[in-house]
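Undergrad: By the count of our numbering, the sequence shown reaches residue 603 at its end, each step adding exactly one. For each residue, glycine too, the CB sits at the ideal point set by N, CA and C.
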Amino acid sequence: MMQVPMGAEAVPDSRGLNLWRADPMLERLAGLYLPPDLLAHLRPHLDRLGALAGGRLDELAAIADRNPPVLHSRDRRGADRQQIEYHPAYREMERLAFGDYGLAALSHRAGVLGWPAPMPPSAKYLVTYLLVQAEFGLCCPVSMTDSLTRTLRRFGDPVLVARYLPALTSQDLDALHQGAMFMTEQGAGSDIAATAVMAAPRADGSWALTGDKWFCSNPDAGLAMVLARREGTGPGLAGVSLFLLPRVLPDGSDNAYRILRLKPKLGTRSMASGEIRLEGATAYLVGDPEAGFRQMADMVNNSRLSNGMRAAGLMRRAMTEALYVAHRRRAFGQRLVDMPLMRRQLTKMLLPMEQARSLMFQAAEALRRADLGEEGAYPLLRILTPLLKFRACRDARRVTGDAMEVRGGCGYIEEWPDARLLRDAHLGSIWEGTSNIVALDVLRAAKREAALPVLRRHVLGLLGNGAALPEAPEALDRALALAERAQADPALARQAASALYHLTSAAAMAWEATRLEDAGRLELARLVLRHRVMPRDPLAAEAAPVPEALLPDPGA
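#1: Can you say whether residue 460 is buried or exposed, counting buried as having 16 or more other CB atoms within 10 angstroms of its CB?
#2: Identify whether residue 228 lies in helix, strand or coil by the three-state DSSP scheme.
#3: Thinking C-alpha only, which one of 265, 262, 256, 263 is nearest residue 276?
#4: If you measure between the beta carbons of residue 225 and residue 149, is that distance less than 8 Å?
#5: Measure the CB-CB distance between residue 400 and residue 366 and report whether it falls below 8 Å.
#6: Would the region 190–206 count as touching the region 230–248 if we require 3 or more Cβ pairs under 8 Å?
#7: Cβ of residue 335 versus every heavy atom of the ligand NAD: is any distance shorter than 7 Å?
#8: Counting only runs of 4+ residues fully inside the region 312–381, write out the alpha helix (DSSP H) ranges in chain order.
#9: Let me check understanding here. Comparing Cα to Cα, which of 237, 294, 329 lies closest to residue 252?
#10: With 16 as the cutoff for other CB atoms within 10 Å, does residue 295 come out buried or exposed?
#11: Should residue 313 be labelled buried (16 or more other beta-carbon atoms within 10 Å of its own) or exposed?
#12: Is the beta carbon of residue 487 closer than 8 Å to that of residue 537?
#13: Out of curiosity, what's the CA-to-CA distance linking residue 580 and residue 396?
#14: In chain order, what are the residue ranges of uninterrupted alpha helix (DSSP H) at least 4 long that sit wholly in the region 517–590?
#15: Tell whether a beta-carbon distance below 8 Å holds between residue 544 and residue 408.
#16: Please check if any C-beta of chain C sits within less than 8 Å of the C-beta of residue 563.
#17: Okay, do the region 377–390 and the region 82–97 touch, 3+ Cβ pairs below 8 Å being the bar?
#18: Can you say whether residue 380 is buried or exposed, counting buried as having 16 or more other CB atoms within 10 angstroms of its CB?
#19: At which residues does the beta strand (DSSP E) containing residue 248 begin and terminate?
#20: Could you tell me if residue 206 is buried or exposed, where buried requires 16 or more neighbouring beta carbons within 10 angstroms of its beta carbon?
#21: Which of helix, strand or coil does DSSP assign to residue 436?
#22: Since residue 417 contacts residue 131 with CB under 8 Å, what's their CB separation in whole angstroms?
#23: Between which two residues does the beta strand (DSSP E) carrying residue 272 extend?
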């Protein structure tokens, strides 16, 4: 019989916690954004996934993190092999994400999880939000497959769509074509106009791509969207087109590109990221040849929304761990959660976590409405997406770090989830646009899509009669004026984006609180305004106690 060492019982361990049941607010929020029959259908699936995320899936994620992919460039005879070897733990997670839960397919076709129609974005992000709390790296290929499918369906030739859509939405891993996005070059990161990879037309209508791509996640994916400059065009965006690059050609032969190496990364270690050399690789033009950047932006923006969701999920897992520890760890004769300074620290973590998931649901609903062609929905989506990606991904770095501190020394040890959460969180504010690039995209959406008046109407609609947050309407107009000023002075972009994010998320939380009749959630909305938006004296003492109801025990 195994003996528990003296003192071990004082170290709280949440392993085996059902992350769906540990977060009852998530189900209540889902009830506001999903049709009742769909949520009822999903509940048993979410309950199973919650148990996996706090148990087996979490264990697999830790194993895959310690055993990153390995590139085998040649076989033992010296022939090109170009094969990436993944640990069995990663393969098992793929079966759960792409197979059992069909996360890359459920918004594109009927039948996933037994539902008779494609599911709305809120359902997709709800399920993935649970999975990402255990495994962040795999959610990148999941998101890129989903986003590539969306972009191909919107802009691709019907022949291409018919050829590849079944494989992109398959839940059979042997038939599945995962997706990727090869955009970054050494001299062209976010500066797409500097793209140097060349595309030459062929007589059969295909194109030959030549050049190097510098950062390619999921490099052995079955299909990738690639930006390349058409041969004979001058500098600038007009010469950059979007191409679909298959890993295997229709005749069964390998395409002409090589994976040069895999990147040794700080985080997302389970998932491969590499460098690609295109050697006359066969690719197919997607959509208008002079609209390559705009079409790729559709994929990037969809992936940015997913990125914000993933940041929200990381914060929720970090918060769950911190609350679990705080309710069980005792020091100086008290539980940590009973100590005023700890309660204050936990509340400061809770605010950005709740803001992110409210805006996640708001953006997902805007995506649903935009896809239906509803008036004003697309401009709203275009500004909510970079707002979420910009602020939530930055907040995730701080929240995961503070959660590590709640666990103390154990949080710094790789045996616990905190270190992996922290490492993974740092990638969110880099890939698919750094913080500066995404803050500037808020201004771009404001200018090109006239999104600021649309956002104003949306936020005022959430506020209703304004009684819940009486200071918000005036603060909103000041934030919108700041965003207008930032058009002439882009150095204000981050300040303006943060202000709009805080006001929009506070309004969303107040709207949710009103419908849920939840005084605690309304208090959180007020705290967002008080601490993130309204001017206040930094030396003023705030002695008001943090309500215990805002810091529930996830293991109760």
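TA: The structure says:
#1: exposed
#2: strand
#3: 256
#4: no
#5: yes
#6: no
#7: This structure simply doesn't include the ligand NAD, nor any ligand for that matter.
#8: 339–375
#9: 329
#10: exposed
#11: exposed
#12: yes
#13: 17 Å
#14: 519–535, 540–563, 566–575
#15: no
#16: In the structure shown, chain C does not exist; there is a single protein chain.
#17: no
#18: exposed
#19: 245–248
#20: exposed
#21: helix
#22: Incorrect: roughly 36 Å between the Cβ atoms, too far for contact.
#23: 270–277
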